[in-house]
Structures are given as C-alpha cells and as structure tokens.
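Reading through the structure tokens given below for one structure.
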Amino acid sequence: MEPRPILVAVAWPYANGLQHLGHIGGAYLPADIFARYHRARGNDVLMVSGSDAHGTPITVRADQEGVDPIDIVNRYHPEFLRQWDTLGISFDLFTTTMTENHHDVTRSIFNRLRERGYIDLRTTEQMYDPEAERFLPDRYVEGTCPHCGYPRARGDQCENCGRTLDPIDLINPVSRVSGATPVLRETEHFFLLLSKLEPELLAWLESREGWRRHVINWSLQFVKDGLHDRAITRDLTWGVRLPDDELGEGKRIYVWFDAVIGYLSASIEWAQRSGDPEAWRRWWEGPEPESYYFVGKDNIPFHTVIWPAILLGHGDLDLPTNVPANQYVTFKGEKASKSAGVGRSVLEYLEVVQPDALRYALASVLPEQNDTELTDDEIVRRVNDELVAVWGNLVNRVLSMIGRNFDGVVPEPADPQAADTELVATVDRALDEVAASIEAVELRAALRAAMSAAQAANAYLSDNEPWKVVKNDPARAGTVLHHALQAVAGVNVALSPYIPFASASVAEALGVPSGEGWARTEIPAGRRLGALAPLFSKLDSPLFGDDT
RNA sequence: GGCGGCGUAGCUCAGUUGGUGAGAGCGUUCGACUCAUAAUCGAGAGGUCGUCGGUUCGAGUCCGACCGCCGCUACCA
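Start counting the first sequence at 580; every next residue gets the next number (this note's numbering).
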C-alpha cells in the first residue's frame, strides 16, 4: 500500500500559561495517538502546531505585568516544548507565530485573497481614547451594562448578565487605559468577505462524511444562519504587519486571521528545515492528502468555517478532511481553566505520574462525545486497576515465567492446539479493530479493543495454567508461553500509540522493532529475551497529598 | 434570548438507518486460581434509558413541550 500523506494539525495554544489536563485530553493527546498510529502504519505524517503569540490573552497578560508580549511568549514556549517532550507528544514541528516565515506566509495569503476579491478595505467607526491617543479594543472600554445595570461591564460582554455587548451601547463608557471618555472615530480596516464564500462553504460542509455529530450540525447551522464579513485587522502594534504597512504602523493583521494560517506556515517551516523547501506541498495540494484538525469544541467555527473559507479563497490549498473536535475534560464538574485556576498543570501531574500512565488515564476518558469528568482518584483507579492490573501484569507474568522456567529463552511451540492459535488470531483481529477505530478517530474505543486483547491473553493463561503444567509437561507449558508471548508482542503494537515509552521497552525486551509496522512480529523460539522491569508503578491516592 | 450538543447501571462511558429479555470497563457479591506489582480468571446482582405527552404493531433510538449541563452567539481563538 502506498503511504498516505496525513497532516495532523493541532490547536495553537496561547503562550500565556501552563497547560492542564483538559488541553491535553482535548487536543494534544488524541492528535499524538492518531499520528503515532499512522506513522506505524507507514503513512507520511506531518504533525504541526505552535505557540500562538498574538492572542489577546497574551497582550492582556503583558499589560498586567508591564512587560512586552514577546517576553510572555518567550517564558512559556520553552515550557510547552518541555511538556511535549516529557509527555511524548511527537510533533514534527512546534513553532510560534512570531517567526519571520509565519509573518511572510500570512501576508502572502492576505495578498492572494485580496487579489481574488475576498478581502476589501472599509471605513468603520471605533472607540478612540483621546488621552492615550489610541483606538480601543471593545474589552478595553468599561461602562454600565444597558441590560442589567452592572456598572463595570466590558465593551464586548457583560460579566454579570453574560450578554454580548457593543461598546457604544455602554452607559457612561470609560477607557480602561486612561480613564478618559472614549469617542467614536473613523478608522479603516480590511474585511474578509465571508458572505461571498458562503455558498461554496455550505456545499463543502454538506459533502462531509464521517464527522462527529456535534461538529457537523453546529457548523452547518452556523453557515445557514448567514455569515457576516469580518474585520481581519485591528488598531494594534502587536501582530503581523500588513504588506508594506499599508495602513500605517498602528494597524496589524488580527490574530484570528493569522493563527489558523499557522498550520500552513508551520508546514512550510518544517519543509525548509528538512532541506526540501517545497516538501510541504505533499500535505496541502491535490487529492491525495488527508488533514485532521484536533481542537476543542470551543474552537470549532474557526476550523470548520473560517479556515476553510480562507482556504477556499486561496483556491489551491486543501480543506480539512475532518475536524474531530473534542468536548471538555472537566474537574469536579468544572471546565479546567488557566485563568480561573481550575485544574493543575500537566507538568505538576508529570511529577507524580509516569507519562504513559497519564496518557492511558486520559486516553480512556477522551471526551469524544460528551464532557467527561476526570478526578485524581479516577486517574489512580484507571492506572492501578486497568493499566497495571491487565497489561503490566500480563507482560510481567509471561516474561517472568519464561525467565524462571526456560532461562529467559523463548520456548518452542511444540504441537500447538486450537486454543493456542486462536489466541494469536484474536490478537491479530484486535490489531485490525484498533486500526479501524483509530482511522475513524474513535480513540477510546480503539484503546478498549486493545485492552480486551490483553484480557483475552490473561484468560488464556488462566485456562492453560502453564505454571502448573510445567511440572509434568514442560513442552506443553513452553507452547503456552510461546503463544502468550506472541500475544504480548501483538498487543504491544496495538497499545503503542497510547503508551509509547512502555511499548518501546517491551519491544526492546522482545527484540522487535518499535513503532514500525502495524502488525505483530513473530518472536522466534530460541531467542533470549531482554530483562524487563515492571512497566508501571502503582499510584497512591491522593496523588497530591490532601491539600486539594 | 437564538443555534448546536448532551442527560443510559454506584462511577466513567458505548448504544449504526426504531425490532429477539438494554451493553462495556471499573466498583460490588460469590466462586476458582496462586505464574504475576494481593495482580488474574469465571459467575451473579445492579437501570421506570432527565420529565411529560405524541407517532408506531413496536422507541433509549422519531416528533413536541419542559427541566438540567456544556459550547457558540462574530472584538478570546
């Protein structure tokens, strides 16, 4: 089978704080599992993402600390890299939107859409602070909410009643920058003509197959309700400059236009680094490439509507194959949140939980259909009662029996019985089942299928009792262990996208390649097995003492 | 308010186009085993499928209303 080019695009995190388990379970872990599977299968995977440097939360944070936005990004970007490395999230490139390349690519997309008539220049009115001599983003204007009377409502939304606002509706508006009363003033901005792209977009969405129900229904309705043209520039000094600074130094391309372009610019950067600057085209042009965008549910419209609109406007680049958006991992019923302080950072968890164990616990509760609740006790339970009990124990009991009774050398499969070959066949079927589920981005179901195969191997051992048989019939015991070992080898492949570190250890002990090929490798009789310590440690509850 | 999703065993979740007595993992009870990190294997118990109404020979599955939770609502991305 020809290798398929598969783009694994993962949401760009704001570089304004550490990440929590909700982020990982929502996007990064599923993307990594998907990517590892496809690499093993022999497909050409390009997995990219990066730190979003231009998001509003970053400028807000920088304002609070009185530092430059770039300082905030430079503080957290290396932490992200460390986090990916520790957790085994295998990006081909994790860059930032601060690179010269990204800015150039963004401008070239801008120019292309403008040439093709999908971007135009319009004059609008906007709040202006006469004292600070600058235009104000909506959220920088404060005043009394016209709906509920809350005195400190922001220009974009009232925190008290939750209604969306327009800053000109605020009573007694005040600039948060200087305290002055803002005035309306004319300003020029570029608009993306979403209304013009609407029919094409709708036709494309209606032709999608295999998308998650909540993703496709929401997207279709969003477009059917009618798309408005959106301003893609802002009165800012932080962000991608316009070509030739056309509107002056104080106008920048706004983050929601440039951030999604990061998928493309990162692909191009990866190609440049790889020594073949045109290599990115393999994942972006023509009918071959498949692209999967792993994002959280709050990010759906940007990946099912706005990014596809930009790509349609460009004309020569491929639209997403699927956007398997996840719902949320919640903690005690609450969505994890950097700003609200709900949920510990991933790096804190990694101090007390092995990366594979954390990956397993998260993978078993991925919020593919619903918000899913995950507590520390649940992590302990998943690891101790499932991962250690079923898989860690299976590997350990098989290897230690071969070690004790056969001197660590794989015994001969003398005179195999139906049960022996059936076990191995069951594992091979499980590999197909896992593959089919992962292809459909049903990663929880795939994990369950892999674990079921491990349980079948445990049941096989119980039925055939090699520890008892060995006393009177060593040849039969050897046959059973030989087949149990083949099952271990197969299940290890099925689990490899989920627990890559442990999987590599097992592969090494068995003397087989790791992460290459989606099939069981036969372990020949006579091979001496490597030593292997227990794969996982049991966890104690509570994970973090009793302070939370 | 509008749009979308969700509400199924103690817990976390599956349930294709409506159809034999509603499922899985874990927990729990009983039994087996003792090679293995007191791990494993087998059997059982456990649910008026959010509420009410409707369509149908038949609905967890379709329709309506209501309750609750989540997301979006175009200046968070």
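Beta carbons: idealized from backbone N, C-alpha and C, even for Gly.
Remember, it's a predicted structure, so these values are computed and weren't measured experimentally.
- With 16 or more other CB atoms across the displayed protein chains lying within 10 angstroms of its CB, Leu-937 is buried.
- Phe-714 and Asp-823 have their alpha carbons spaced roughly 21 Å apart.
- One Cα belongs to Arg-695, the other to Val-884, and the distance between them is close to 19 Å.
- Considering only Glu-991, Pro-716, Arg-701, Pro-636, the residue with the shortest C-alpha distance to Arg-1055 is Glu-991.
- DSSP, read as helix, strand or coil, puts Lys-911 in coil.
- Burial is judged here by how many other beta carbons sit within 10 angstroms of a residue's own beta carbon; Lys-911 has fewer than 16 and is exposed.
- Around Gly-722, the same chain offers Ala-732, Leu-749, Ile-750, Asn-751, Pro-752, Val-753 as residues with beta carbons nearer than 7 Å, after the five sequence neighbours per side are excluded.
- Spatial neighbours of Asn-878 in its own chain (CB-CB distance under 8 Å, excluding positions within 5 residues in sequence) are listed in chain order as Ala-590, Ala-904.
- Within its own chain, the residues whose Cβ lies closer than 8 Å to the Cβ of Ile-651, once the five positions on either side in sequence are excluded, are Ala-594, Asn-595, Ile-637, Arg-640, Ala-641, Glu-644, listed in chain order.
- With 16 or more other CB atoms across the displayed protein chains lying within 10 angstroms of its CB, Lys-830 is buried.
- Counting along the chain, Gly-722 sits inside the beta strand (DSSP E) bounded by residues 720-723.
- With a cutoff of 8 Å on beta-carbon distance, Leu-1074 and Ser-943 are scored as not near each other.
- When DSSP reads this structure, Ser-754 sits in a beta bridge with Val-720.
- DSSP, reduced to helix, strand and coil, places Met-677 outside both helices and strands of the structure shown, so it counts as coil.
- The segment 1060-1067 and the segment 959-969 do not touch, with fewer than 3 CB-CB distances between them shorter than 8 Å.
- Cβ neighbours of Ala-1068 within its own chain (closer than 7 Å, five residues either side excluded): Leu-1089, Val-1091, Arg-1099, Thr-1100, Ile-1102.
- The three-state reading of DSSP puts Met-626 in strand, counting E and B together.
- The beta carbon of Ile-847 sits closer than 7 Å to those of Asn-680, Val-684, Trp-859, all from its chain and outside the five residues before and after it, given in chain order.
- For Pro-584, no alpha helix (DSSP H) run applies; the uninterrupted beta strand (DSSP E) run containing it begins and ends at 584-589, by DSSP.
- Only residues of its own chain outside the window of five on either side were considered, and among them Thr-665 have a CB closer than 6 Å to the CB of Leu-929, listed in chain order.
- DSSP, read as helix, strand or coil, puts Gly-875 in strand.
- Distance check between Pro-868 and each of Arg-615, Val-624, His-633 places Val-624 closest, using alpha-carbon atoms only.
- For Phe-770, the enclosing beta strand (DSSP E) starts and ends at 762-771.
- Excluding sequence positions up to five before and after Thr-743, its CB lies within less than 8 Å of the CB of Asp-735, Gln-736, all in the same chain and listed in chain order.
- No Cβ-Cβ contact shorter than 8 Å links Phe-659 with Ser-687.
- For Asp-837, the secondary structure class from DSSP, reduced to helix, strand or coil, is helix.
- Glu-825 is positioned such that its CB atom lies no closer than 8 Å to that of Thr-816.
- Under the DSSP assignment, Asp-1042 falls in the alpha helix (DSSP H) whose first and last residues are 1022-1043.
- Between Ile-698 and Leu-772 the beta-carbon gap is near 7 Å, inside 8 Å, which marks them as a contact.
- Under the DSSP assignment, Leu-890 falls in the alpha helix (DSSP H) whose first and last residues are 886-893.
- The beta-carbon separation of Leu-945 and Pro-609, rounded to 6 Å, stays under the 8 Å limit for a contact.
- With at least 16 other beta carbons inside 10 angstroms of its own, Arg-791 counts as buried.
- A distance below 7 Å between beta-carbons, with the five flanking residues on each side excluded, links Arg-787 to the following residues of its chain, in chain order: Ile-795.
- Residue environment: Phe-1123 is assigned as exposed (fewer than 16 neighbouring CB atoms within 10 Å of its CB, all protein chains considered).
- When Cβ pairs closer than 8 Å are counted between the two stretches, the segment 1017-1026 is seen not to touch the segment 994-1005, the count staying below three.
- Gly-621 places its beta carbon 8 Å or farther from that of Pro-592.
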